[in-house]
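Student:
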Amino acid sequence: MWGPEGLDEVEAELLGPPEELKGRDVLELGAGAAQCSRWLAAQGARPVALDISHRQLQHALRIGGEFPLVCADAGALPFADVSFDLACSAYGALPFVADPRLVLREVRRVLRPGGRLVFSVTHPIRWAFPDEPGPEGLSVSGSYFDRTPYVEQDDTGHAVYVEHHRTLGDRVRDVVASGFRLVDLVEPEWPEWNTSEWGGWSPLRGALIPGTAIFVCVRD
Ligand SMILES: C[S@@+](CC[C@H](N)C(=O)[O-])C[C@H]1O[C@@H](n2cnc3c(N)ncnc32)[C@H](O)[C@@H]1O
1 MWGPEGLDEV EAELLGPPEE LKGRDVLELG AGAAQCSRWL AAQGARPVAL
51 DISHRQLQHA LRIGGEFPLV CADAGALPFA DVSFDLACSA YGALPFVADP
101 RLVLREVRRV LRPGGRLVFS VTHPIRWAFP DEPGPEGLSV SGSYFDRTPY
151 VEQDDTGHAV YVEHHRTLGD RVRDVVASGF RLVDLVEPEW PEWNTSEWGG
201 WSPLRGALIP GTAIFVCVRD
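Sequence positions in the sequence shown follow UniProt numbering and run 1 to 220.
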């Protein structure tokens, strides 16, 4: 699943035709509980699920799956050069790092020539709106161009959640400057069948503004 709209890989085929996933080495970045890796393994691919959070990987372990789980920073991948055919990420790692080019260059390093990276992030336009599913989430409340990160702190002042904003142009430049060719930018529309609300995502907002941006990149 690429985002809260409900677009899944069966429908989107952004990693390529399903029959070609068989036997492919796939790196999932910011895997969380590794839902994507579990699906990839079921297609016959050979996924590796990577996340910086040990707690998230414990959930992945509890749910199960016959693939490796790796606790590491996406900006310092513990893999040899050219060791994967594909890389993917659904809202993982990239929105949470101050230097996304570090991550993208690392992914490029570990991909084989011709390899593909597909990643989804919150659509950058959402930065200008309150993160609310109702009508209050439809009026611009901040600048789309303000790159000040969103930070939540605990009682002692330590950052416990940080999200970094990049404009659409920033993201395109990051991809290109890291040595990838951008082959598609998918903005899934909210489908009629999806009546659920999740955080700031809802049918009301989904009908009017995009919620997810999916970048399809190739390492030539
Ligand atoms: C919003 S969750 C997405 C999880 C999963 N991909 C999904 O679709 O449910 C973001 C994940 O990125 C991970 N993450 C954040 N920064 C990271 C980094 N620098 N390296 C690797 N993983 C990171 C978080 O621990 C978290 O599990």
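For every residue, glycine included, the Cβ atom is placed at its ideal position computed from N, Cα and C.
Source: prediction; values computed, not measured.
1. With a cut-off of 8 angstroms on the beta carbons, I'd call S37 and G16 a contact; round off their distance for me.
2. Express the C-alpha separation of V103 and V48 in angstroms, rounding to a whole number.
3. Here's the rule: buried if 16 or more other CB atoms are within 10 angstroms of the residue's CB, otherwise exposed. What is P171?
4. Whose C-alpha, out of W39, L86, P149, P124, is nearest the C-alpha of V118?
5. Using the Cβ count rule (16 or more neighbours within 10 Å means buried), how would you classify W198?
6. Spatial neighbours of D174 within its chain, please: C-beta separation below 8 angstroms, excluding the five flanking residues on both sides.
7. Would the stretch 3-12 count as touching the stretch 190-197 if we require 3 or more Cβ pairs under 8 angstroms?
8. So, helix, strand or coil for D174, using DSSP?
9. Tell me whether I214 is buried or exposed, calling it buried when 16 or more other Cβ atoms sit within 10 Å of its Cβ.
10. In the DSSP assignment, what residue or residues form a beta bridge with S89?
11. Which one or two residues does DSSP pair with F84 in a beta bridge?
12. Do you know how far the Cα of V110 is from the Cα of F179?
13. For L57, report the span of its alpha helix (DSSP H) as first-last.
14. Would the beta-carbon of R24 fall within 9 angstroms of that of R108?
15. Should L185 and V176 be called a contact, given that it needs their Cβ atoms to be closer than 9 angstroms?
Tutor: By the coordinates alone:
1. That belief does not hold up - the Cβ atoms of S37 and G16 are roughly 16 angstroms apart, past 8 angstroms.
2. 16 angstroms
3. As written in the sequence, residue 171 is Arg, which differs from the Pro given in the question. Counting Cβ neighbours within 10 Å, R171 comes out buried, since at least 16 surround it.
4. Proximity to V118 across W39, L86, P149, P124 peaks at L86, based on C-alpha coordinates.
5. W198 is exposed by the Cβ-count criterion.
6. P100, R101, L104, R166
7. yes
8. DSSP places D174 in helix when its eight states are reduced to three.
9. buried
10. F119
11. L111
12. The sequence shown places Gly at residue 179, rather than the Phe named in the question. Their backbone Cα atoms lie some 13 angstroms apart in a straight line.
13. 54-63
14. No, the pair does not count as a contact, with Cβ atoms beyond the cut-off.
15. no
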